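Here is the structure we will look at, set down as structure tokens.
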Amino acid sequence: MTSSDANDAFVAFEHVQKSYDGETLVVKDLNLSIGRGEFLTMLGPSGSGKTTCLMMLAGFETATHGEIKLGGRPINNIPPHKRGIGMVFQNYALFPHMSVHENLAFPLEVRGMSKSEIETKVKRALDMVQMGAFGGRRPAQLSGGQQQRVAVARALVFDPELVLMDEPLGALDKQLREQMQYEIKHIHETLGVTVVYVTHDQSEALTMSDRIAVFEDGRIQQLADPATLYERPDNSFVAQFIGENNKLEGVVRGIDNGIATVAFDDGATCEALAVNCAGVNEKTLLSIRPERVKIEDQAGDKTISAKVLELIYLGDHIRCRMDVHGHNEFIVKVPNNTNQKALQKGQLTHVSWIPEDCRALDLSDSV
Amino acid sequence: MSQTADKQPVLAADGTPLKQALDAALFRNRMRAFMLVLPLLLFLFVTFIIPIGIFLSFGIHDPVFSKFMPKTSAVLSDWDTTSEPTEDMYAALVADMVVARKDKTIGRAATRVNRELSGTRSLFTSSARKAAKLEAPFKESLVAVKKQWADPEVWKAMKVASRSWTLGYYANALDYKQVADGSFEPQPENRQIHVPLLVKTLWISLQVTLYCLILGYPIAYLMSNLPARTSNLLMILVLLPFWTSILVRTTAWIAMLQSQGVLNDLFVLFGVTDDDNRYSMIYNKLGTLIAMTHILLPFMVLPLYSVMRGIPPSYVRAAKSMGATNWTAFSRIYAPQTIPGIGAGAILVFIVAIGYYITPALVGGQDGQMISNVIAFHMKSSLNWSLAAALGGVLLVVVMTLYWIYDRVVGIDNMKLG
Amino acid sequence: MKFNQISLGVAAALVMGATNAADTITVVSWGGAYTVSQVEAYHKPWMAKTGNSIISEDYNGGLSEVKAQVDAGNVKWDLVDVELSDAVRGCDEGLLETLDASVLPAGADGSAAADDFIDGALQDCAVASIVWSTIYAYDNTVIDGQPSTIGDFFDLEKYPGKRGLRKSPKANLEMALAADGVAAEEIYDVLSTPEGIDRAFAKLDTIKGETIFWEAGAQPPQLLADGEVVMTTAYNGRIFNAMAAEGKPFEVVWDAQVFDMDLWVIPKGAPNKEAAMDFLAFSTSTEQLAAQASWISYGPARKSSAPLVGHYDGKPELEMAPHMPTAPENFGTAIANDFEFWADNQDELNERFNAWLAS
Chain C
17 MTSSDANDAF
27 VAFEHVQKSY
37 DGETLVVKDL
47 NLSIGRGEFL
57 TMLGPSGSGK
67 TTCLMMLAGF
77 ETATHGEIKL
87 GGRPINNIPP
97 HKRGIGMVFQ
107 NYALFPHMSV
117 HENLAFPLEV
127 RGMSKSEIET
137 KVKRALDMVQ
147 MGAFGGRRPA
157 QLSGGQQQRV
167 AVARALVFDP
177 ELVLMDEPLG
187 ALDKQLREQM
197 QYEIKHIHET
207 LGVTVVYVTH
217 DQSEALTMSD
227 RIAVFEDGRI
237 QQLADPATLY
247 ERPDNSFVAQ
257 FIGENNKLEG
267 VVRGIDNGIA
277 TVAFDDGATC
287 EALAVNCAGV
297 NEKTLLSIRP
307 ERVKIEDQAG
317 DKTISAKVLE
327 LIYLGDHIRC
337 RMDVHGHNEF
347 IVKVPNNTNQ
357 KALQKGQLTH
367 VSWIPEDCRA
377 LDLSDSV
Chain A
0 MSQTADKQPV
10 LAADGTPLKQ
20 ALDAALFRNR
30 MRAFMLVLPL
40 LLFLFVTFII
50 PIGIFLSFGI
60 HDPVFSKFMP
70 KTSAVLSDWD
80 TTSEPTEDMY
90 AALVADMVVA
100 RKDKTIGRAA
110 TRVNRELSGT
120 RSLFTSSARK
130 AAKLEAPFKE
140 SLVAVKKQWA
150 DPEVWKAMKV
160 ASRSWTLGYY
170 ANALDYKQVA
180 DGSFEPQPEN
190 RQIHVPLLVK
200 TLWISLQVTL
210 YCLILGYPIA
220 YLMSNLPART
230 SNLLMILVLL
240 PFWTSILVRT
250 TAWIAMLQSQ
260 GVLNDLFVLF
270 GVTDDDNRYS
280 MIYNKLGTLI
290 AMTHILLPFM
300 VLPLYSVMRG
310 IPPSYVRAAK
320 SMGATNWTAF
330 SRIYAPQTIP
340 GIGAGAILVF
350 IVAIGYYITP
360 ALVGGQDGQM
370 ISNVIAFHMK
380 SSLNWSLAAA
390 LGGVLLVVVM
400 TLYWIYDRVV
410 GIDNMKLG
Chain U
3 MKFNQISLGV
13 AAALVMGATN
23 AADTITVVSW
33 GGAYTVSQVE
43 AYHKPWMAKT
53 GNSIISEDYN
63 GGLSEVKAQV
73 DAGNVKWDLV
83 DVELSDAVRG
93 CDEGLLETLD
103 ASVLPAGADG
113 SAAADDFIDG
123 ALQDCAVASI
133 VWSTIYAYDN
143 TVIDGQPSTI
153 GDFFDLEKYP
163 GKRGLRKSPK
173 ANLEMALAAD
183 GVAAEEIYDV
193 LSTPEGIDRA
203 FAKLDTIKGE
213 TIFWEAGAQP
223 PQLLADGEVV
233 MTTAYNGRIF
243 NAMAAEGKPF
253 EVVWDAQVFD
263 MDLWVIPKGA
273 PNKEAAMDFL
283 AFSTSTEQLA
293 AQASWISYGP
303 ARKSSAPLVG
313 HYDGKPELEM
323 APHMPTAPEN
333 FGTAIANDFE
343 FWADNQDELN
353 ERFNAWLAS
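The listed protein sequences derive, respectively, from chains C, A and U.
First residue of the first sequence? That's 17 in my numbering, and the numbers climb one at a time after it.
First residue of the second sequence? That's 0 in my numbering, and the numbers climb one at a time after it.
First residue of the third sequence? That's 3 in my numbering, and the numbers climb one at a time after it.
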């Protein structure tokens, strides 16, 4: 379990398709390689096919077409219990009629390990999640966070090389969820185990993952590390799904050196990075993060006029909703600095951004 | 939390001790809860507890003889059962018989004594007809009417019958009988029917429970894993026995199971047996087992289904992901979680089965009868309600005992009815 | 419990304008073909004659319901058709009204009622309407030969095949002794000794392994028809109906028939005692008893009715007389059910019979 050869495909989906009813494809031609020791997150809204992919990897669903390989070996015909994959379920699936200790011992018992070996491994796994004192309890006697730790320990206790996690933190409250995110991340780093993690929570994905595969409509829309995904979304779905995002519609007037000039309906223009736009005189969707917009006191060369519609005080920043060229949902995050001038509701002002922060993307109907 | 050493009670805002304020608040809640169940409680009390109590009291209280033969009962209570019956006793008997004959109650008193000693009924009724004309000394004149009156056994039977509060019926229900001096002795062997029948009843009920479990478990499992539409259809099939009248069902079983019936015809057709050796599947114990299993199956399937519906598939998946084979995942993870359903289903089926009587009466033949058939017989035909009550009491005690054992072994909390 | 209102009576009452206030009485009987015969022969003519109406209910015999009603002081039934044993016992226990036999009409031939009724038909609290008997019957398409004696029923070698017996010691013990060679008039003397009871059970033992036991009267013709048994004891009327109405190939063997009576009784405190008594007298008149016999093969309890018994309803070729238990050629070896014996011994014999069944 080392991550030295992380780039070798430890898990590989090759042209995998899945259909339940024989009419529609839930997963459409999926290709994905996961390196040894990698923490990969499948992120997407519900119904996007990410859980189906996880279940196919676990062996609870069979691929309609294509091949799934584990360590270079096709596993389509290997039953789940012979795949040796650890799994953490959405509601933990801790066996209610067994104590925590028995839960952890179960995978070791079915492998026929000796009693002393089981004791050692169970103790080690419980200590790893700081649950050493709770071995005698029943799952129902534990809090949600404790159950979560036990579930993680149980998935790891038999030293699998691959662990699948299906929205494991969905049932926890926000604070606990964030704490668990770090803990899981640390366990992953300590053990070097490969993790495939499914979630619909983008901040969770950004926090934990080495790479994120964004799912939508049965396809991977983008596969990248968190920073790339956030900074440089390939299409408007990804841009919209990862983090907050302002959208402005316009028409491309010209592209020069990768920088597009985009005109709004009222004739005003701005510049944006041409990422995925169709071409000159075609419509495009501009995408810009709220924290990358600057409020300008004065009208300048590259400023755009805007009107303050609403101000929400959020402590570390002020959330400002503005009307920009007819788009009245334009959000700007204004840092709560001492030298920041106070904005007034209804005030007319100007905003600006650097062209590289504003990405001209395809105009997708679905967004 | 500061623990004060002088144990000053914590006070509520208005100065009353907190404990007291809490009790008052809880009392109102308890009263409200009690008022909610009060109508049902009253209903149960009037329609269930009281009638059952009255009926069960028949099993230990039978005042018929002492009520209709008061003088005889009075002298009998002083009789030591071994000495020769005295003239006083005969005089009291004749006096009672005269009154009872006039009031038309002699038959009831006679029936009572006849239960203790066969053949005494006509002794009473025929002698009573002549009682008014008898003259002292009554001993001689009564013996002249029927010589059995000299037999001390008749007097002993009357002595037993004269006890209003008696354990005799319970003794009878357990194949013992109470004799004149109040002690108990076993019934003659060719009249011992209740205990063997009770054992057989328990055994049949146990078998029916087992068969219901074997048949019901897979069905409940299947239903709990099917989409709602299909499982509803299956549920209708399972509930079908509930919706058909007992007569329709019985006719169907007879057509199906009798020796010239559909099943046997098929067996002959496929060479399972030949025409002269058709199987007897009805009018015997097998018939009772088949019919009862059929009727009681829903009682097993419903709790099982409801428990299984509540077990998410992720448990078995989790077990498999940890390396458990299908069988291990079922036996160690799935099956233990269905125990509440098995417990509820088994105890429902068993307790209903133990009191069954229509089905055994219709298809049970000679060896498929159960204890309830005897109770029904004493209720409807022999009118020996006291013995029926005693048998019912024994059955009740047996069921309660089993329920208690179940509680100790499995735990009643561990039962899920729906 | 089946409950059917005879609407004819209501209609008749309306038409007649009810000069005297019309009564409605509740008459309880055993249901099936038997109740039909009573409705046709008794109820309809009486309602037409008096303008009263009758509610006809069914029950399964026994005194438990009468006892419950009388004990509760809430009597609903006016007239009940009971067996002899229940009539006598109910009377002894004060559950029934005492009846005055003098109001019964004289026979059609002029003989007084007391002479016209057969022995035992007039009880303190009951008046008999019919004589029925327990016989044995066989399916002549299955049996090879012609069984004619009670001995043949117990002869498994001569007539192999399953037998049917009522699940009760009554009639079985009598027939067993008769088959063992005891004369009809000595049967109850023998049965009154422990050796006699042993002897009867020993005889029953010889066919026990081949026997199916029945409880309801409707079962034996069904068992015969289904081929479940080749011979069975049965109530003669049931077998006759299967033969006459359904054309079943059954034969009745009358040897050692055990005959009994059905009687009308009035529960103590019946709400319409007067009207019930009027109906009782009407239904047990010579003509009505004879009329009933054309519906079912139970013998009329009046001697004067016998000559009037005709043919089966709608079948002129089917004379009823030879099918009556009381027909001279059937009655030679008949055993009269001894109520006193059974009242004295049924508790013990029932237990013994049940123990014997289970062993």
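Heads up, the beta-carbon is just placed ideally off N, CA and C, and yes, glycines get one too.
These figures come from a predicted structure and were not determined experimentally.
As far as DSSP is concerned, C211 (chain A) takes part in no beta bridge. Your pair A376 (chain C) and V268 (chain C) checks out as a contact, with CB atoms roughly 7 angstroms apart and the cut at 8 angstroms.
R337 (chain C) has its alpha-carbon roughly 8 angstroms from the corresponding atom of I328 (chain C). Collapsing the DSSP output to three states places P249 (chain C) in coil. Distance from L124 (chain C) to V173 (chain C) at the Cβ level is roughly 7 angstroms; contact confirmed, criterion being Cβ atoms closer than 8 angstroms. DSSP places R277 (chain A) in the coil class of the three-state scheme, outside both helix and strand. For A236 (chain U), same chain residues with a beta-carbon under 6 angstroms away, outside a window of 5 residues either side, are A139, P222 in chain order.
Of the candidates A:T337, A:R316, A:P339, the residue whose Cα lies closest to the Cα of A328 (chain A) is A:R316. DSSP places E230 (chain U) in the coil class of the three-state scheme, outside both helix and strand. The Cβ of P195 (chain A) sits closer than 8 angstroms to at least one Cβ of chain U.
Rounded to the nearest angstrom, the gap between the Cα atoms of A35 (chain U) and L43 (chain A) is 41 angstroms. Going by DSSP, A128 (chain U) is part of the beta strand (DSSP E) stretching over 128-141. Scanning C:N352, C:G316, C:R305 for the CA closest to the CA of E372 (chain C) turns up C:R305. A:I281 is the residue among A:I281, A:L21, A:N113 whose C-alpha sits nearest the C-alpha of V231 (chain U).
Under DSSP, the beta-bridge partners assigned to Y237 (chain U) are U:T136. Counting C-beta atoms within 10 angstroms of its own C-beta, L291 (chain U) has 16 or more neighbours from the protein chains shown and is therefore classed as buried. Taking 8 angstroms as the threshold, the shortest C-beta distance from R316 (chain A) to chain C falls below it.
The beta carbon of G322 (chain A) sits closer than 8 angstroms to some beta carbon of chain C. The count of Cβ pairs closer than 8 angstroms, one atom from the region 145-153 of chain C and one from the region 58-76 of chain C, stays below three, leaving the stretches out of contact. Straight across, the Cα-Cα distance linking D61 (chain A) with G198 (chain U) is about 33 angstroms. For I214 (chain U), the residues of chain A that pass the 7 angstroms Cβ criterion are Y282, G364, in the order they occur in the chain. Annotation: the continuous alpha helix (DSSP H) that includes K205 (chain U) extends over 196-210.
Collapsing the DSSP output to three states places G219 (chain U) in coil.
The bridge partners DSSP lists for F346 (chain C) are C:M338. Not a single C-beta of chain A is nearer than 8 angstroms to the C-beta of G160 (chain C). Under the three-state reduction of DSSP, G53 (chain U) is assigned to coil, being neither helix nor strand. Short of 7 angstroms from the beta carbon of N171 (chain A), and not among the five residues preceding or following it, lie these beta carbons of its own chain, in chain order: L386, A389. A Cβ of chain A is located within less than 8 angstroms of the beta carbon of N107 (chain C).
Counting C-beta atoms within 10 angstroms of its own C-beta, L265 (chain U) has 16 or more neighbours from the protein chains shown and is therefore classed as buried.
The three-state secondary structure of G354 (chain A), taken from DSSP, is coil. Shortest Cα-Cα distance from L238 (chain A) to any of A:I253, A:M222, A:P226, A:T250 involves A:M222. Within its own chain, the residues whose Cβ lies closer than 6 angstroms to the Cβ of E260 (chain C), once the five positions on either side in sequence are excluded, are P306, listed in chain order. Residue contact with chain C for P226 (chain A): absent (no Cβ-Cβ distance below 8 angstroms to any residue of chain C). For H204 (chain C), there is no enclosing beta strand (DSSP E); the enclosing alpha helix (DSSP H) has its first and last residue at 190-207. Residue C:I311 holds the alpha-carbon nearest to the alpha-carbon of A358 (chain C) among C:D339, C:L379, C:I311. Per DSSP, T365 (chain C) lies in no alpha helix (DSSP H); the unbroken beta strand (DSSP E) holding it starts and ends at 364-368.
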